[in-house]
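Counting in this note's numbering, the sequence shown runs from 155 upward without gaps.
Quick reminder that beta carbons are idealized off the backbone N, C-alpha and C, glycines included.
Source: prediction; values computed, not measured.
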Amino acid sequence: MILLTQEISFPPVEMANEDGILAIGGDLRPERLLLAYKNGIFPWYNEDEPIIWWCPDPRFVLFPQKLKISKSMHTVLQNGKFRFTINKAFKDVIENCKQISREDQDGTWIQQDTVEAYTKMHELGYAHSAETWMNGELAGGLYGMKIGNIFFGESMFSKINNASKFAFINYVKLLSKEGLALIDCQVHTTHLESLGAEMISRQDFTNILRENIF
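Structure follows, in structure tokens:
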């Protein structure tokens, strides 16, 4: 495991340990975050910890053409209960992701410096949000980084059943029309597996990045 300095650099991803940890330390400056994502590296750490940089093997991803939509979700998509938008409430989405309680997890991995860093990336045009609204209120959503034809998902939340799925499915459909090659889901969740996400090797993942990052 490598201790990062102020220099904007990372070791080769093959140096990550068996848990997927590649390096610790550094900062969340835009230049470092861009370099990280372009190489398949992402920050994930708890409060009172240094920044931990990950590049796990295998990698959990979703190919847009393999998106699974259940019969019940088809109904949700068509019944007019929800409304979908993009980049209309980025700060609200990330704040909700920070605060939402999750099963088998105490607290949140999203720190205030994380909020500030990704808000800056949003201002620079790299971080994006997708929102679900019901009756004019934010009901769910997700945020992540889009670089080239890759979307790197970071977190999602729901205040109402199926709200995050509604945002995710609509966003994948929208990005697919724009040439999206892959959604990086980072680590396994049953929620995303139900939508078609799967494991691929880190080598295959980095090869896809090289072909689609620009």
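(request) Examine the Cβ distances between the region 346-363 and the region 201-217 and report whether three or more of them are shorter than 8 angstroms. (result) yes
(message) I'd like the span of the alpha helix (DSSP H) that includes T239, first residue to last.
(response) From DSSP, T239 is part of no alpha helix (DSSP H) but of the beta strand (DSSP E) over R237 to I240.
(request) Put D260 into one of helix, strand or coil per three-state DSSP. (result) Only weak support is given to the placement of D260: the predicted model assigns it a pLDDT of 42, under 50, and the question is left unresolved by the model.
(message) Using 8 angstroms as the threshold, is the C-beta distance between Q340 and F196 below it?
(response) Result yes, Cβ atoms of Q340 and F196 sit closer than 8 angstroms.
(request) Go to V167, then tell me how far its alpha helix (DSSP H) extends in each direction, as first and last residue. (result) Premise fails: V167 is in no alpha helix (DSSP H) and is neither H nor E.
(message) Taking the alpha carbon of P166 as the reference point, which residue from S318, L189 and E185 has its own alpha carbon closest?
(response) L189
(request) Using beta-carbon positions only, say whether F305 and L278 come within less than 8 angstroms of one another. (result) no
(request) Could you tell me whether the Cβ atoms of T286 and G298 are closer together than 8 angstroms? (result) no
(request) With DSSP collapsed to three states, give me the class of E332. (result) Coil, per DSSP.
(request) Return helix, strand or coil for L292, following the three-state DSSP convention. (result) Of the three classes helix, strand and coil, the one that applies to L292 here is strand, per DSSP.
(request) Out of T360, M275 and E201, state which residue places its alpha-carbon closest to the alpha-carbon of C209. (result) T360
(request) Name, in chain order, the residues that DSSP records as bridge partners for M310. (result) L296
(message) According to DSSP, simplified to helix, strand and coil, what is A243?
(response) coil
(message) Rounded to whole angstroms, what is the Cα-Cα separation between P218 and M155?
(response) 33 angstroms
(request) Taking L336 as the reference, give the member of I162, H342 and I362 with the closest Cα. (result) I362
(request) Determine the closest residue to A170 out of M275, N193 and F236, with distance taken between C-alpha atoms. (result) N193
(request) Within its chain, find whatever has a CB closer than 6 angstroms to the CB of G261; leave out the 5 residues flanking it on each side and keep chain order. (result) At G261, the pLDDT of 43 sits below 50, so the modelled position is not reliable and the matter cannot be decided from this model.
(message) To the nearest angstrom, how far is the alpha carbon of H282 from that of I162?
(response) 23 angstroms
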